[in-house]
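Taking it in order: structure first as structure tokens, then the write-up.
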């Protein structure tokens, strides 16, 4: 029977990446609902991209790290 990817020990090992994921998610939601800038599509796209791209890359890194641990 294969081991599940996210068991207790693996979650402890990758918690270093899970905590920043929650922080990035919090600031992304905060940016979407309480934008400090006036309605400017260019600024909103850049700001959202600067939150979403690191979130996706860190999520992929975390998954692959959990898979290979």
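In my numbering, the protein residues as written are 823 to 891. Here a beta-carbon is modelled for each residue, glycine too, at the ideal position from N, C-alpha and C.
Would you kindly work out how many angstroms separate the C-alpha atoms of residue i and residue j, rounded to a whole number?
i           : j           : result
residue 862 : residue 828 : 41 Å
residue 859 : residue 846 : 19 Å
residue 868 : residue 832 : 34 Å
residue 857 : residue 848 : 13 Å
residue 890 : residue 872 : 28 Å
residue 843 : residue 877 : 6 Å
residue 826 : residue 879 : 22 Å
residue 830 : residue 838 : 14 Å
Considering only residues of the same chain and omitting the five flanking positions on each side of residue i, which have a CB-CB separation below 8 Å?
i           : result
residue 874 : 850
So, under 8 Å CB-CB, residue i and residue j are touching, yes? Tell me the CB distance rounded to an integer number of Å.
i           : j           : result
residue 884 : residue 840 : 7 Å
residue 881 : residue 836 : Incorrect: roughly 11 Å between the Cβ atoms, too far for contact.
Less than 7 Å between C-beta atoms, sequence neighbours within five positions excluded: which residues of the same chain meet that for residue i?
i           : result
residue 865 : 859
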